[in-house]
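In the numbering used here, the protein residues as written are 130 to 249. Glycine residues also receive a C-beta, built at the ideal position from the N, C-alpha and C atoms. Please read these numbers as outputs of a predicted model, since none were measured by experiment. Let me begin by presenting the structure, written as structure tokens, before commenting on it.
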């Protein structure tokens, strides 16, 4: 069975988001102060935040739990953007969340049907 180019595009976008979030989670789990400044900043213990991000990224990567993972990752990105004052860092979380949801809608084509029904 041939897979649609849209599904492959969604998988690519989802892979980019998962790799970014997983890398950020692993940086938080290492606990090195110089690496912590480079990632998503939230006023929470870094190890706890890293574990939560890693679990959410795994949930997003698994097709059956992708919707739950997307909601959790969006919440984490919104929390990271909430404390930012620099506009470029403020929008970074929104851009990643946009890629996250675009990847999910592209790799799971039936997911957008309820949204389209509400719009019509």
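DSSP places residue 143 inside the alpha helix (DSSP H), whose first and last residues are 134-159. Secondary structure at residue 238: helix, using DSSP grouped into helix, strand and coil. Distance check between residue 177 and each of 218, 160, 188, 226 places 160 closest, using alpha-carbon atoms only. Rounded to whole angstroms, residue 192 and residue 216 show a C-alpha spacing of 33 angstroms. Between residue 223 and residue 201, the gap from beta carbon to beta carbon reaches 8 angstroms or more. A Cβ-Cβ separation of about 6 angstroms places residue 230 in contact with residue 199 under the 8 angstroms criterion.
Closest in alpha carbon position to residue 233, among 149, 133, 225, 139, is 139. Assignment of residue 191 by DSSP, reduced to helix, strand and coil, places it in the coil class.
Between residue 205 and residue 183, the gap from beta carbon to beta carbon reaches 8 angstroms or more. By the criterion of a C-beta distance shorter than 7 angstroms, residue 142 is surrounded in its chain by 228, 231, 232, 235, once the five residues flanking it on both sides are discounted.
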